[in-house]
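Q: Residue numbers (the numbering used here): 1 to 156.
Structure provided below as structure tokens; questions to follow.
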Amino acid sequence: MVYFQKITPEGYKQIEDEITRLKKDRPRRIKILQAARALGDLSENTEYTEAKRDLGHLQSRLRYLGKQLKYAEIVETKDDGKVDLGKTVVLKSDDDEDTEDTEEYKIVGRMEADLADGKISFDSPLGQAIMKKEAGTTSTVEAPAGEYKVTIVEVK
Numbered sequence: 001m002v003y004f005q006k007i008t009p010e011g012y013k014q015i016e017d018e019i020t021r022l023k024k025d026r027p028r029r030i031k032i033l034q035a036a037r038a039l040g041d042l043s044e045n046t047e048y049t050e051a052k053r054d055l056g057h058l059q060s061r062l063r064y065l066g067k068q069l070k071y072a073e074i075v076e077t078k079d080d081g082k083v084d085l086g087k088t089v090v091l092k093s094d095d096d097e098d099t100e101d102t103e104e105y106k107i108v109g110r111m112e113a114d115l116a117d118g119k120i121s122f123d124s125p126l127g128q129a130i131m132k133k134e135a136g137t138t139s140t141v142e143a144p145a146g147e148y149k150v151t152i153v154e155v156k
């Protein structure tokens, strides 16, 4: 049985763009490897060893990204007012009643998740707690550090 990873159209495009960028960089790295090989004795040639390692990392990354695309299931967003992949949610923590601070997150697939960029995975503890819920709903998040509650202020 093949397991497909859910991904947004934007995430799929980002992977395609990275593959294109890496493929453009590959000839340059091959030339560096060839130049390092021409320096002579390979047993003590650190330039050759580093160039070979760097090219190997690039090849490995290309294979990894290719598999990500091969097993990706692109999920289109529906305009139904419920939290789902590709949508942006505005959340308010219910633990601190005195503040009106809200946080905004985009719900994405596992491969795209990047908290620093405001993207959370649909299967993270927070993502699981709010998936398929509407604005105004309060959910309990069961995180490794303990439970807390959030209220969905808006679904965009």
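Note that beta-carbon positions come from the ideal geometry of N, C-alpha and C, so glycine has one too.
Taking the beta carbon of Phe4 as the centre, do at least 16 other beta carbons fall within 10 Å, making it buried, or is it exposed?
A: Residue numbering aside, residue 4 sits at position 4 when the sequence shown is read from its first letter. By the 10 Å Cβ count, Phe4 comes out exposed.
Q: Cα-Cα, which of Ser139, Ala72 and Glu154 is closest to Arg110?
A: Position 110 of the sequence shown, counted from the start, is the residue given in the question as residue 110. For the residues Ser139, Ala72 and Glu154, the minimum Cα distance to Arg110 belongs to Ala72.
Q: Buried or exposed: Ala113, going by 16 or more other Cβ atoms within 10 Å of its Cβ?
A: Within the sequence shown, the letter at position 113 stands for residue 113. Ala113 is buried by the Cβ-count criterion.
Q: Look at the alpha carbon of Lys156 and the alpha carbon of Leu69, and state the distance between them as a whole number of angstroms.
A: On the sequence shown, residue 156 is found 156 positions in, with the first residue counted as 1. On the sequence shown, residue 69 is found 69 positions in, with the first residue counted as 1. In a straight line, the C-alpha of Lys156 is about 26 Å away from that of Leu69.
Q: Among residues of its own chain, excluding the 5 on either side of Pro125, which ones have a beta-carbon nearer than 7 Å to its beta-carbon?
A: Along the sequence shown, one-based indexing puts residue 125 at 125. Taken in chain order, the residues that qualify are Val141, Glu142 and Ala143.
Q: What's the call for Ala51, buried or exposed, on a 16-neighbour Cβ count within 10 Å?
A: On the sequence shown, position 51 is the one that residue 51 refers to. Flag for Ala51 reads buried.
Q: Should the segment 51-66 be called in touch with the segment 8-22, which here means at least 3 C-beta pairs below 8 Å?
A: Taking 8 Å as the limit for Cβ pairs, the verdict is that the segment 8-22 does touch the segment 51-66.
Q: Is Lys54 helix, strand or coil when you go by DSSP?
A: Residue 54 sits at position 54 when you count from the first residue of the sequence shown. It is Asp, not Lys, that sits at residue 54 in the sequence shown. Looking at Asp54 - three-state DSSP - the assignment turns out to be helix.
Q: Say yes only if the C-beta of Tyr64 is nearer than 7 Å to one or more non-hydrogen atoms of the ligand GDP, and no if none qualify.
A: Annotation note on the ligand GDP: not contained in the displayed structure, which lists no ligands.
Q: If I'm right that Val108 touches Gly11 with Cβ under 8 Å, what's the distance once you round it to whole angstroms?
A: One-based indexing of the sequence shown puts residue 108 at position 108. One-based indexing of the sequence shown puts residue 11 at position 11. Indeed, because the Cβ distance is near 6 Å, the residues count as touching under 8 Å.
Q: With a threshold of 8 Å, are at least 3 pairs of Cβ atoms found where one atom belongs to the segment 79-86 and the other to the segment 127-141?
A: Touching, per the Cβ criterion.
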